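Novice: Numbering (this note's numbering), first residue to last: 2 to 156. Virtual Cβ for every residue (Gly too), placed ideally from N, Cα, C. What you are looking at is a predicted structure, and each value in this text was computed from that prediction instead of being measured.
1) In three-state terms, what does DSSP make of residue 78?
2) Since residue 95 contacts residue 85 with CB under 8 angstroms, what's their CB separation in whole angstroms?
3) For residue 54 versus residue 105, is the C-beta spacing smaller than 8 angstroms?
4) In the DSSP assignment, find the unbroken alpha helix (DSSP H) run with residue 88 in it and report its ends.
5) Within the continuous alpha helix (DSSP H) that includes residue 135, where are the two ends?
6) Report the CB separation of residue 121 from residue 45 in whole angstroms; it is logged as a contact under 8 angstroms.
7) Give a yes or no on whether the C-beta atoms belonging to residue 111 and residue 73 are separated by under 8 angstroms.
8) Specify, as a first and last residue, the run of the alpha helix (DSSP H) that residue 110 falls within.
9) Can you look up residue 100 in the DSSP assignment and give me helix, strand or coil?
10) Please report how far the alpha carbon of residue 39 lies from the alpha carbon of residue 19, in whole angstroms.
11) Nearest to residue 9 by alpha carbon, out of 3, 26, 31?
12) Measuring alpha carbon to alpha carbon, tell me which of 11, 132, 141 ends up nearest residue 92.
Here it is, written out as structure tokens:
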């Protein structure tokens with residue numbers, strides 16, 4: 002008998018994030034959104050914490066010691082041409098997710114925080130949509146990373 006994955010926020014924020022990721026792994030990513038609402042409604046600090054947790058999930062096993070004076074980077078490939086693309090051509094939320102994750106992988110918290118602040122500071126509807134897109138991209142990357150580590154999970 003399996004325990005059902007929670008569909009409501011838990012008392013422990015980590016359990017809430019793990020439940021959201023479990024829904025993503027089992028093919029029900031739409032169930033993650035309501036679990037993320039308390040983080041977003043909690044304001045910038047809890048939203049940044051959510052972004053950090055998702056980025057950490059994505060990069061935690063990929064962190065290998067790098068040679069001195071090197072860092073993890075971000076490679077953008079144009080799906081149409083198969084050639085290198087430009088990060089600035091990506092939508093704001095997706096660009097944020099990629100850059101935030103790269104900064105997080107390099108343990109550059111100051112840059113990660115600055116990227117978050119730059120995304121949300123305008124306080125506009127457009128910024129809110131970009132943040133939502135960014136959180137979704139971070140979530141999708143975390144689920145993909147977990148899936149790569151654990152193999153496919155069936156519902």
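Specialist: Short version:
1) Position 77 of the chain shown holds residue 78. Reduced to three states, the DSSP call for residue 78 is strand.
2) By one-based count along the chain shown, residue 95 stands at place 94. By one-based count along the chain shown, residue 85 stands at place 84. About 16 angstroms separates the two Cβ atoms, so there is no contact after all.
3) Taking the chain shown and counting its residues from 1, the one referred to as residue 54 is at position 53. Taking the chain shown and counting its residues from 1, the one referred to as residue 105 is at position 104. No; because the gap between Cβ atoms is not below 8 angstroms, this pair is not in contact.
4) The sequence position of residue 88 within the chain shown is 87, counting from 1. Premise fails: residue 88 is in no alpha helix (DSSP H) and is neither H nor E.
5) Sequence index remark: in the chain shown, residue 135 carries index 134 (1-based). 126-151 is the span of the alpha helix (DSSP H), which, as asked, contains residue 135.
6) Here residue 121 refers to the residue found at position 120 of the chain shown. Here residue 45 refers to the residue found at position 44 of the chain shown. Confirmed, about 6 angstroms.
7) Residue mapping note: residue 111 aligns to position 110 of the chain shown, counting from 1. Residue mapping note: residue 73 aligns to position 72 of the chain shown, counting from 1. Result no, Cβ atoms of residue 111 and residue 73 do not sit closer than 8 angstroms.
8) As a working mapping, residue 110 is identified with position 109 in the chain shown. Looking at the DSSP string, the run of the alpha helix (DSSP H) that includes residue 110 is 110-121.
9) Locating residue 100 in the chain shown gives position 99, counting from the first residue. Residue 100: helix per DSSP, three-state reduction.
10) What you label residue 39 is simply residue 38 of the chain shown in a count that begins at 1. What you label residue 19 is simply residue 18 of the chain shown in a count that begins at 1. Approximately 14 angstroms, taken between the alpha carbons.
11) For the purposes of this step, residue 9 is identified with residue 8 of the chain shown, where counting begins at 1. Selected option, being the one with the closest Cα: 31.
12) Walking along the chain shown from the start, residue 92 turns up at place 91. The shortest Cα separation from residue 92 among 11, 132, 141 belongs to 132.
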